[in-house]
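Before any comments, here is the structure.
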Amino acid sequence: MRAFLLAAGKGSRISKNIPNIPKCTLDVGGRPLIRKTVEMLLENGIEVTVIVGYRYKEIIRVLEGCPVHIVHNPFYDVTNSIGSLWMAENLGLFGEGETLQDTIIANGDVFWSQEILDFMKRKVADGDIYMLGDSNRVLDGDYFFGTEHGILKRYGKELTLEERNCEYVGIAYLSAAFLPRFLARLNEMIDEQCHGKWWEDAIYSLSGEHEIPVKDIAGMFWAEVDFIEDYRRILDYIREQTGIETHGSITTFDHT
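Going by my numbering, the sequence shown opens with residue 1210, and the numbers climb by one from there.
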């Protein structure tokens, strides 16, 4: 299995509350977030590619010693994550033909655990593709899914409460058999100059012709670091799990 971690963005929404560093390098219990994820994947025998952009040298520094592929997107400020993932595809890191492997694609600012990775591995035989959602996070969240019988039907930040039934986690699984279709669509969108799209838009654009299951990880802890409140949830979780008090890398934080 391979994994691709998208870590090129600046993270402007949380930037005023943290040092001038990529948000994926925030401290989570003594380790940078991106290193925690990479080490977890490597320990499970998964080949890892990290796609960097904003202050990329900081990410390379915190990953020192980790046997990973690094792809640099120097145009991170004018492309979105679809451009970053295409660069990995253009370098042949997905492979082709018999060298294609089952693949996890995840946003690099997601805090997730071995429990979630084990869940994903158990679901590998369920089909060609699935995305992760959390039905416990319907009221609060950043990007939502609306599903019917576990199949993606609606997606977006502006879904009403009636339209949504889970928050998107920021992680997807694609089988080796499905990858050619996904990568073909990725290349089509780049050819169409859709540089401002998210990498997930290549999946959404296929939903009319291929069912996209959403697997519910309700009850498992995760957090995508978009806002300072997300980071606070991670630090609270670490304190609850370890008993260690930590304030991480917060520079501006309202504790009230």
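Virtual Cβ for every residue (Gly too), placed ideally from N, Cα, C.
{"Check": "Report the rounded CA-to-CA distance for Asp-1236 versus Glu-1449, giving the unit in angstroms.", "Outcome": "16 Å"}
{"Check": "Anyone know if the C-beta pair for Ala-1297 and Thr-1258 falls short of 8 Å?", "Outcome": "yes"}
{"Check": "Give me whichever residues DSSP pairs with Ile-1360 in a beta bridge.", "Outcome": "Glu-1357, Pro-1422"}
{"Check": "Let me check understanding here. Comparing Cα to Cα, which of Val-1287, Leu-1272, Gly-1274 lies closest to Cys-1403?", "Outcome": "Val-1287"}
{"Check": "Please classify Thr-1451: is it buried, with 16 or more other beta-carbons within 10 angstroms of its beta-carbon, or exposed?", "Outcome": "exposed"}
{"Check": "Please specify which runs of the beta strand (DSSP E), each continuous and at least 3 residues long, are wholly inside the segment 1288 to 1352, giving them in chain order.", "Outcome": "1312 to 1316, 1338 to 1343"}
{"Check": "Applying the criterion that 16 or more other CB atoms from any shown protein chain within 10 Å of the CB defines a buried residue, is Val-1333 buried or exposed?", "Outcome": "exposed"}
{"Check": "Would you call Asp-1435 buried or exposed, if buried means 16 or more other Cβ atoms sit within 10 Å of its Cβ?", "Outcome": "buried"}
{"Check": "Below 8 Å, how does it come out for the segment 1340 to 1352 and the segment 1424 to 1439: are there three or more Cβ pairs, yes or no?", "Outcome": "yes"}
{"Check": "Could you give the distance in angstroms between the alpha-carbon of Phe-1328 and the alpha-carbon of Gly-1342?", "Outcome": "12 Å"}
{"Check": "Take Leu-1309 and list the residues in its own chain whose beta-carbon comes closer than 6 Å to its own, dropping the five residues that flank it on each side.", "Outcome": "Ala-1385, Leu-1388"}
{"Check": "Just to confirm, is the Cβ distance from Arg-1346 to Gly-1355 under 8 Å?", "Outcome": "no"}
{"Check": "In this structure, how does DSSP classify Tyr-1380 when only helix, strand and coil are distinguished?", "Outcome": "According to the sequence displayed, residue 1380 carries Ile and not Tyr. The answer is strand: DSSP assigns Ile-1380 an E or B state."}
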